[in-house]
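Protein sequence lines, in the order shown, are assigned to chains A and B.
Each residue of the first sequence is one higher than the one before, counting from 1 in my numbering.
Each residue of the second sequence is one higher than the one before, counting from 1001 in my numbering.
Below is one structure, written out as structure tokens; the observations come after it.
2 protein chains.
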Amino acid sequence: MTGSNLAAALPEALTDRLNALLGEHFTANASVCGHHGGGGMRHPNLPPQAVAFPATTDEVAAVVRLCAEFRVPLIPFGAGTSLECHVGAVAGGVSLDLSRMNRVLRVSAEDFDCTVEAGVTRMALNTHLRDTGLFFPVDPGVDATLGGMTATRASGTTTVRYGGMRENVMALKVVTADGQMIRTAGRARKSSAGYDLTHLFVGSEGTLGVITEVTLRLHPVPEAVAAAVCAFPSAEAAVSTVIEALQSGVTPARAEYLDAVQMGAVNTAFDLDYAVADSLFLEFHGDSESVQSQARAFGELATANGGADFRWETEPEGRERLWRARHQAGFAALSLRPGAVPWSTDICVPISRLAECVVETRADLADTPFPGTMLGHVGDGNFHCILLLNLDDPIEMATAAAFDARLVRRALAMDGTCTGEHGIGLGKQAALVHELGDAVKVMRAIKRVLDPDGLMNPGKIFSAA
Amino acid sequence: MTGSNLAAALPEALTDRLNALLGEHFTANASVCGHHGGGGMRHPNLPPQAVAFPATTDEVAAVVRLCAEFRVPLIPFGAGTSLECHVGAVAGGVSLDLSRMNRVLRVSAEDFDCTVEAGVTRMALNTHLRDTGLFFPVDPGVDATLGGMTATRASGTTTVRYGGMRENVMALKVVTADGQMIRTAGRARKSSAGYDLTHLFVGSEGTLGVITEVTLRLHPVPEAVAAAVCAFPSAEAAVSTVIEALQSGVTPARAEYLDAVQMGAVNTAFDLDYAVADSLFLEFHGDSESVQSQARAFGELATANGGADFRWETEPEGRERLWRARHQAGFAALSLRPGAVPWSTDICVPISRLAECVVETRADLADTPFPGTMLGHVGDGNFHCILLLNLDDPIEMATAAAFDARLVRRALAMDGTCTGEHGIGLGKQAALVHELGDAVKVMRAIKRVLDPDGLMNPGKIFSAA
């Protein structure tokens, strides 16, 4: 679906100068623009009027300055994998596709850090690192760019142990709305030097400037890894097992909940024979001794909560099969209603409230007229419902919106958040105000002063006005 | 020493209304004002014209609004322990002493978090937590308030393992310059909901608003703790041992370097008989098995680097004696030159460059005409020189300033920072610009929009103009 995009055509003088700057790496080709519109899930596709493919920070700065001169919006674009239409051209303009900025600039194995251009994907980085004994852990499932993951403050399955982008970005190179290049920090492990601009740009969704380089923390590849799937008698039993483990000091590297509906879909899609029950997908990292002791301690808690049918995978192939099933759970869910469009919710609550929140949400989901699954990063208190919808049925879409609004209200009443990891984009703007109230005015003030003409990814996080 | 303070007297109408609001908890008493001037080290004491002692966030907001109405500066004050004159009243005004806001509002043992008023000190919090099995680890040595530690982005001896305030503050309640109360986040472990205002205020040094409540991560009290002092043949050997330990996955809870001069001072001041040599003060946390294996692994690396004379303390009293010696090292250093004023430097570099930086700085320090010691949190790459100076000798002070400038340049050339944990305040403003260049313009823009009249702790981080 392509939404309406009311912006006027780009000024010819601008396209001439972008052509002169970038040559074949600037295009207004409709198909290329159509692939940069951020559609998906419940969101319309909102193509830009042109796409620029800069190769360097200097080229990014030149594009930013040109767009500023002509007052044309600019939308930074990584891999286009975001779920809240972060890259849709709400007000037209130029999409700034960073995929050519794909160099790993530096790896310091001794300091456990590296610097990459914003267009490097997380999998490409890990391939680059494979002989260093280090890896970059943040894993949102898809192969997003590290610039995009930074811009949306992404996290994912390993956050319970390694943190998300918030914890793993050390410094950024950014082109601000006026075309200046800034470096937000050096490479020291800590610093008290002025305002924390690094964290201001982590999660800013392209609305304050263009991230062109990212300095990241790396982690040692664990000596031993064990993964398992375990079935439970209820959602509460599964979730409680993870919470009890964390509270007793056992921190899995991944602790993923999938409900029985989702497990059935996974079995069908990937020809597996897991129990069709509320389940946990787990992974433990450490030396072989500690992996064994963690697995034993976790197993005891699971058994006490009625968990059974532990299936362990210690070889890479088995683990890969297991995590493919988890990471493609959204795809698998689609088999429950062929032709449906998925809508993923994203709340996160303090872990002490998680079991209650999951149980209430499960009951609410059972009352809706469409199929839906539940899954999530329960070690962080974050879970998703995947609602399978007929986008052409306005009553069904309104019912889904009401379900999501109830879910957000439930999470906020538990001191949680409307978005654990997907971001605000177009989809959560009302929820953000509901969550943080007057703090959103402070955010708008920062936006106003750093992007006075409102050209950096306008209409995201808050409306353009 | 009292510096000049050129501000006019406070408007009588303002003092009348502050008196009406706070009664005895508002004073212009010269002695009280004198204790709120932030002097110490090389900095002058710059007393405010009055001090307000609010008891609630509402009272803070009322004081902020009154000062805004009369365009009078407001300087948030915690325990006054900062080292860069953060609380000096550069342009006069009202000091906002938060010591009456000393309640622990909530502890959620299940979620490993708590919320405190800004005036709670870290030791008071840990006393409050003593029956919960949890503790708050960030330890800058002195008993600072948690609001102050947040505002300066403090860290300290345990940061190598537990992180500093940046990693341990989850959410804040803040009164902004226009007297609005905002909450920067909820209690979810992660969130992608808009700009990260929490981290913007962590380290903002009171220049953007007044932090009145802090939500903090807590950590389980380790089952076993062992501390030790170990002597080395050189600074390089001591520092390299810590770096090698971190690189091999052994993360001490504390890893403090003290040079031979400092060890001599510690022996004298506390009647101890440690070897007068470049030394490490260490602590390991975990279950008893892992503490033993960490200590063994660390001991092997130390021995390979020529370390000897390990003195272990596993009982609380012995550990307390050991860490008192470390935490009061600055006091001990004063015995090297009675009557001298200390000046503490604060650079931090990537750990791969630390040994080189320490060795070069040691040589530079040996060439200065005044005594000085070196010590630091070497697991983070952060170390301090304590220069012992005659404040009345302008040539000596200029020599010290030149030494510090060389040290900052050395650290920045190694991609480090001018301040690992003390902050900018009055003392590091030129260094901040040297370190981050145009990024400081972005900081100034944020300051301008969130505090348009420049009343929140003016003259800190950057000059008031």
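We put the CB at the ideal spot given by N, CA and C, even for glycine.
Please determine, among A:Leu129, A:Leu389 and A:Ala79, the residue with the shortest C-alpha to C-alpha distance to Arg100 (chain A).
Arg100 (chain A) has its Cα closest to that of A:Ala79, out of A:Leu129, A:Leu389 and A:Ala79.
In this structure, what does DSSP give as the bridge partners for Lys1173 (chain B)?
Note: Lys1173 (chain B) sits in a beta bridge opposite B:Arg1183 and B:Glu1213.
Just list the beta strand (DSSP E) runs in the stretch 1418-1453 of chain B, keeping only unbroken ones of 3 residues or longer that don't cross its boundaries, in chain order.
None, since the stretch 1418-1453 of chain B contains no complete beta strand (DSSP E) of that length.
Three-state secondary structure (DSSP) at Pro11 (chain A)?
In this structure, Pro11 (chain A) counts as coil in the three-state DSSP scheme.
Kindly provide the ranges of any beta strand (DSSP E) runs that are 3 or more residues long and lie completely inside the stretch 305-389 of chain A, ordered along the chain.
Counting only runs of 3 or more, we get 308-313, 341-344, 372-377 and 382-389.
Going by C-alpha to C-alpha distance, which of B:Ala1030, B:Asp1058, B:Pro1137 and B:Thr1121 sits closest to Val1094 (chain B)?
It is B:Ala1030 whose Cα lies nearest to the Cα of Val1094 (chain B).
Going by C-alpha distance, which of A:Val349, A:Pro54 and A:Ala188 is nearest Cys114 (chain A)?
Answer by Cα proximity: A:Ala188.
For Asn81 (chain A) and chain B, any beta-carbon pair shorter than 8 Å?
Inspection of the sequence shows that residue 81 (chain A) is occupied by Thr rather than by Asn. Taking Cβ atoms only, chain B never reaches closer than 8 Å to Thr81 (chain A), which makes this a no.
Closest by CA to Ala1154 (chain B), which one among B:Glu1356, B:Asp1346 and B:Pro1458?
Ala1154 (chain B) has its Cα closest to that of B:Asp1346, out of B:Glu1356, B:Asp1346 and B:Pro1458.
For Gln49 (chain A), collect the residues of the same chain with a Cβ closer than 6 Å to its Cβ; drop the 5 residues on either side in sequence, then sort them by chain order.
So the qualifying residues of the chain are Leu10 and Gly92.
Less than 8 Å between the C-beta atoms of Leu280 (chain A) and Val242 (chain A), yes or no?
Against a cut-off of 8 Å, the Cβ pair of Val242 (chain A) and Leu280 (chain A) comes out as a contact.
Identify whether Arg106 (chain A) lies in helix, strand or coil by the three-state DSSP scheme.
Correct three-state label for Arg106 (chain A): strand.
Please list the terminal residues of the continuous beta strand (DSSP E) segment that includes Val229 (chain A).
That run of the beta strand (DSSP E) goes Ala224 to Ala231.
Tell me the DSSP secondary structure of Asp113 (chain A) in three-state form.
Asp113 (chain A) falls in the strand class under three-state DSSP.
Count the other CB atoms, across all protein chains shown, that sit within 10 Å of the CB of Asp1393 (chain B); report buried if there are 16 or more and exposed otherwise.
Label assigned to Asp1393 (chain B): exposed.
For Val1341 (chain B) and Leu1375 (chain B), which I take to be in contact (beta-carbon distance under 8 Å), what is that distance rounded to the nearest angstrom?
In fact, because the Cβ distance is near 18 Å, the residues do not count as touching under 8 Å.
Check the Cβ of Ala439 (chain A) against every Cβ in chain B and list those closer than 7 Å, keeping chain order.
Here the neighbours are Ile1182, Arg1183, Thr1184 and Leu1197.
Determine the DSSP secondary structure at Ala20 (chain A), reduced to helix, strand or coil.
Helix at Ala20 (chain A).
Could you list which residues in chain B have their beta carbon closer than 9 Å to that of Met443 (chain A), in chain order?
Within 9 Å Cβ-Cβ: Gly1194, Tyr1195 and Leu1197.
Spatial neighbours of Glu332 (chain A) within its chain, please: CB distance less than 8 Å, with the 5 preceding and 5 following residues excluded, ordered by chain position.
The sequence shown places Ala at residue 332 (chain A), not Glu. These residues qualify, in order along the chain: Gln262, Ala265, Val266, Thr268, Ala269, Phe270 and Ala325.
Do you know offhand how far Lys434 (chain A)'s Cα is from Arg1409 (chain B)'s?
It should be pointed out that residue 434 (chain A) corresponds to His in this sequence rather than to Lys. The alpha-carbon atoms of His434 (chain A) and Arg1409 (chain B) are separated by roughly 47 Å.
Assign Thr2 (chain A) to buried or exposed, taking buried as 16 or more other Cβ atoms, counted over all protein chains shown, within 10 Å of its Cβ.
Confidence at Thr2 (chain A) is low in this model, with a pLDDT of 39, below 50, so its placement is unreliable and no value can be given for it.
Is it true that the stretch 1430-1445 of chain B meets the stretch 1044-1062 of chain B, where meeting means three or more beta-carbon pairs spaced less than 8 Å apart?
Because the criterion of three Cβ pairs below 8 Å is not met, the stretch 1430-1445 of chain B and the stretch 1044-1062 of chain B do not touch.
With a Cβ-Cβ cutoff of 8 Å, do Thr184 (chain A) and Thr198 (chain A) count as a contact?
Yes, the pair counts as a contact, with Cβ atoms nearer than the cut-off.
Please determine, among B:Phe1403, B:Ala1151 and B:Pro1137, the residue with the shortest C-alpha to C-alpha distance to Arg1362 (chain B).
Closest by alpha carbon: B:Phe1403.
So, at 7 Å on beta carbons, what are the nonlocal neighbours of Val1234 (chain B) in its own chain, with the 5 sequence-adjacent residues on each side left out?
The residue asked about is misnamed: residue 1234 (chain B) is Ser in this sequence, not Val. Cβ neighbours of Ser1234 (chain B) beyond the five flanking positions: Asp1278.
Cβ closer than 9 Å: which chain B residues qualify as neighbours of Pro350 (chain A)?
Ordered by position in chain B, the residues that pass the 9 Å Cβ test against Pro350 (chain A) are Ser1108, Glu1110, Asp1111, Asp1113, Gly1186, Arg1187, Ala1188 and Arg1189.
Contact check, Val202 (chain A) vs Met165 (chain A) under 8 Å by CB: the rounded distance?
6 Å between Cβ atoms; contact.
Output the distance between the C-alpha atoms of Pro1371 (chain B) and Leu1387 (chain B), rounded to the nearest integer angstrom.
Straight-line Cα distance between these residues: approximately 6 Å.
Using a Cβ cut-off of 7 Å, pull out every chain A residue sitting near Gln1247 (chain B), in sequence order please.
The contacting residues are Glu110.
Nearest chain A C-beta to Val1142 (chain B) closer than 8 Å, yes or no?
Chain A contact via Cβ: absent.
For His1285 (chain B), tell me which candidate among B:Arg1353, B:Gly1307, B:Ala1224 and B:Ala1193 has the shortest Cα-Cα distance.
The shortest Cα separation from His1285 (chain B) among B:Arg1353, B:Gly1307, B:Ala1224 and B:Ala1193 belongs to B:Ala1224.
Is there a Cβ from chain B that is less than 8 Å from the Cβ of Asp131 (chain A)?
Chain B, which has no Cβ nearer than 8 Å to the Cβ of Asp131 (chain A), makes this no.
Going by CA-CA distance only, name the one from B:Thr1157, B:Asp1287 and B:Asn1457 that's closest to Ala1068 (chain B).
Nearest of B:Thr1157, B:Asp1287 and B:Asn1457 to Ala1068 (chain B), Cα basis: B:Asn1457.
Would you mind stating whether Leu426 (chain A) and Lys447 (chain A) have Cβ atoms separated by less than 8 Å?
In this structure, Lys447 (chain A) does not lie closer than 8 Å to Leu426 (chain A) by Cβ.
Enumerate in chain order the residues of its own chain whose CB-to-CB distance from Phe298 (chain A) is below 6 Å, with the five nearest sequence positions on each side excluded.
Closer than 6 Å at the Cβ level, and outside the excluded window around Phe298 (chain A), lie Ala245 and Val250.
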